[in-house]
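A short worksheet on the structure shown next.
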Amino acid sequence: MYSDISLKHSTLDTDIFQLLASIRPQWTPANTQLKIFTEGITNTITGMFEIDPQTKKIINEFQAIIIKIFGLNSELFINRENESIAMKQLAKYQLSNEILVKFKNGLIYSYTPGQACDRDMVADLHISELIAKKIAHLHSLTREQLQIEQGLEPFLVSGLKNFLNLLSSDSFAINSYKWSDISSDIVQIENQILPHLAVDLVLCHNDLLCKNIIYDKSNDDISFIDFEYVQYNYWIYDVANHFIEYAGVDNPDFDRYPSREHQHVWLKTYFKYATFLTQKNDKDLDDICDLIDKFAALSHLFWALWAFVQANVSTVNFDYKEYGKMRFQKYLDFRSKLFAT
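What follows is the structure, encoded as C-alpha cells:
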C-alpha cells in the first residue's frame, strides 16, 4: 500500500491513524502507545504497540509496527526505492521486516521482537556466532533468488564518489588532508587496490552496527533491521564494517575492534554457512584478517565522508562533524595497511 501523505514526528501521535485503517483498523489513540527509538542517526524511528486500555500494558506484540520517517535530504545518498525492493525480496527469506505501508517520506513495517544489541552483546561468543551465520546466509543469496538489480559499480565505490561530490572542494580539509588528497586516494582505491584484492561481490547489508542487529532471546536468533544501504558490495567489507561497529556509535571505543583470535572463531562459523564461497580455505585465516584490516580502512573512509555530508544536511541531533573526524583519523591509522602492496 502507498499513501501520498507526509508525516512529521511532532504530530505523529495523531496523524499516524490515517495510515492505519487498512492494516490495524482496530487501533485507536486509547489502545495504542508510541515508543521513540533514539538509536537512529539518519532517520526518526518510532515503534507503535497495542496496549490494554486499563492496565496500559503492551498486548499482541506480534502486531506491533515500526514507523520510519526518512531523514531530511537523506535521498541525496540513499536510494529509497532500492531500500523498498531489497526489503521486499529479503522478507521472502525471513531476512527483513515486511513493509506494510509506504508513505511519501517513510515506511511502516513489521516489528522485530527482541533486544537491539549493544557492543558487549555483539562481542559475546555465542551471539557473534549467530551474527556470522546470519550474515553468511544473506551473502549466499543468489542474484536469481533476489531479483535485485546490481549497480554499475560496487556500493563502496559509488558511495565514496557520491559523498565526495556532495562535499565542497573549496572548504573541505581535515588533518592536513584536502579534498584533492581524498579524491586521489579514491581513484587509486577504485582503479588499483580493489581490483588487486579480487574479493567476491554479494548482496551486503553494509551497515551492521550494533543497533541494527536484534537478538531474540526466546528463540535464540538474530535479525537484521535498517536496509537502506543494502546493495551489492565486497563480502569482506560487510564483515570489516561490522567488526568496526564493535566500538559502538555513541562515545565509540575503537579499541574494541575484535582480536585475531575472535576473528578466527567468527570466520570459521561464517565459512561454514557461506555457500557462495567455493574455495573457503584457499587462504590462511590470518591472510583473511589482513584483508579485513584493509577493508576496515575503507569502512572508516566511507563513514567519515558520510558524516561530513550529514553535518551539512541533517537535522538529527548528532555531532556528525566530530564523528566524521574520529572515523577519518581511523582511516589514516589503517591507511598504510590498505595501500601496502
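For the sequence shown, position 158 matches number 507 in this note's numbering, and the numbering has no gaps at all.
Even for Gly, the Cβ is constructed at its ideal location relative to N, Cα and C.
Quick caveat, the model's predicted, so the values are computed rather than measured.
Notebook entry, point to check: Which residue from Leu425, Lys406, Phe398 and Gln496 puts its Cα closest to that of Gln412?
Noted result: Checked all of Leu425, Lys406, Phe398 and Gln496; the closest Cα to Gln412 is Phe398.
Next item on the list: Output the boundary residues of the beta strand (DSSP E) element that contains Met436.
Entry: Run containing Met436: none in the beta strand (DSSP E); it sits in the alpha helix (DSSP H), Arg429 to Ala440.
Note to self: According to DSSP, is Ser572 part of a helix, a strand, or is it coil?
What the structure shows: Shown here, Ser572 sits in a strand according to DSSP, grouped into three states.
Item checked: Which residues DSSP lists as bridging Lys331, in chain order -> Nothing can be reported for residue 331: it is not among the residues displayed for the chain, which extend from 350 to 690.
Check: Which partner residues of Ala547 appear in the DSSP bridge assignment?
Finding: For Ala547, which the question treats as bridged, DSSP gives no partner whatsoever.
Next item on the list: Report buried or exposed for Gln383, applying the criterion of at least 16 other Cβ atoms within 10 angstroms of its Cβ.
Entry: The sequence given here has Leu at residue 383, not Gln. Under this definition Leu383 is an exposed residue.
Notebook entry, point to check: Does the Cβ of His475 have 16 or more other Cβ atoms within 10 Å, making it buried, or fewer, making it exposed?
Noted result: Around the Cβ of His475, a 10 Å sphere holds fewer than 16 other Cβ atoms; the residue is exposed.
Item checked: Nearest-angstrom Cα separation, counted from Leu490 out to Ile480 -> Taking C-alpha positions only, Ile480 is separated from Leu490 by approximately 16 Å.
Next item on the list: State the Cα-Cα distance for the pair Ser648 and Leu552, rounded to the nearest angstrom.
Entry: When rounded, the distance between both Cα atoms is 16 Å.
Next item on the list: Check each candidate in Ile497, Ala596 and Ser355 and name the one with the smallest Cα separation from Val472.
Entry: Before going further, note that residue 472 is Ala rather than Val in the sequence given. That would be Ala596, whose Cα lies nearest to the Cα of Ala472.
Next item on the list: Starting from Asn582, follow the beta strand (DSSP E) in both directions and report where the run begins and ends.
Entry: Asn582 -> beta strand (DSSP E) spans Gln580 to Tyr583.
Next item on the list: Using three-state DSSP, classify Tyr606 as helix, strand or coil.
Entry: In the structure shown, Tyr606 sits in coil (DSSP, three-state: anything other than H, G, I, E or B).
Margin query: On the criterion of 16 or more Cβ atoms from any shown chain inside 10 Å, does Phe385 qualify as buried, or is it exposed?
Written below: Note that residue 385 is Ile in the sequence shown here, rather than Phe. With fewer than 16 other Cβ atoms from the protein chains shown falling within 10 Å of its own Cβ, Ile385 counts as exposed.
Item checked: Cβ-based neighbour list, Val450, same chain, cut-off 6 Å, excluding 5 preceding and 5 following -> For Val450, the CB contacts under 6 Å within the same chain, skipping 5 residues up- and downstream, are Met350, Leu368 and Ile457 in chain order.
Checklist line | Same chain, Cβ closer than 6 Å to Ser572, neighbours up to 5 away in sequence not counted | finding: Spatial neighbours of Ser572 in its own chain (CB-CB distance under 6 Å, excluding positions within 5 residues in sequence) are listed in chain order as Thr461 and Ile563.
Notebook entry, point to check: From Ile407 to Ile415, what does the alpha carbon distance come to, in whole angstroms?
Noted result: So the two alpha carbons sit approximately 15 Å from each other.
Checklist line | Alpha-carbon to alpha-carbon, Asn661 and Val536 | finding: In this structure, the CA atom of Val536 is about 24 Å from the CA atom of Asn661.
Next item on the list: Work out the CA separation of Gln659 and His591 for me, nearest whole Å.
Entry: The straight-line gap from Cα to Cα measures roughly 21 Å.
Note to self: Helix, strand or coil for Leu369? Go by DSSP, reduced to three states.
What the structure shows: The answer is coil: DSSP assigns Leu369 none of H, G, I, E or B.
Notebook entry, point to check: Measuring CA to CA, which of Ile531, Glu498 and Ile523 is closest to Asn514?
Noted result: Out of Ile531, Glu498 and Ile523, the CA that lies nearest to the CA of Asn514 is found in Ile531.
Check: What first and last residue would you give for the beta strand (DSSP E) that runs through Ser648?
Finding: Per DSSP, Ser648 belongs to no beta strand (DSSP E); it is in the alpha helix (DSSP H), Leu634 to Val662.
Checklist line | Closest residue to Ser666 among Asp599, Phe688, Pro607 and Tyr606 (Cα-Cα distance) | finding: Checking the sequence, you will find Asn at residue 666 rather than Ser. Ranked by Cα distance from Asn666, the options Asp599, Phe688, Pro607 and Tyr606 are led by Asp599.
Item checked: Reduced DSSP secondary structure (H/G/I, E/B, other) of Tyr460 -> Residue state, collapsed to three classes: coil.
Margin query: In the DSSP assignment, the beta strand (DSSP E) including Phe452 goes from what residue to what residue?
Written below: For Phe452, the enclosing beta strand (DSSP E) covers residues Ile448 to Phe452.
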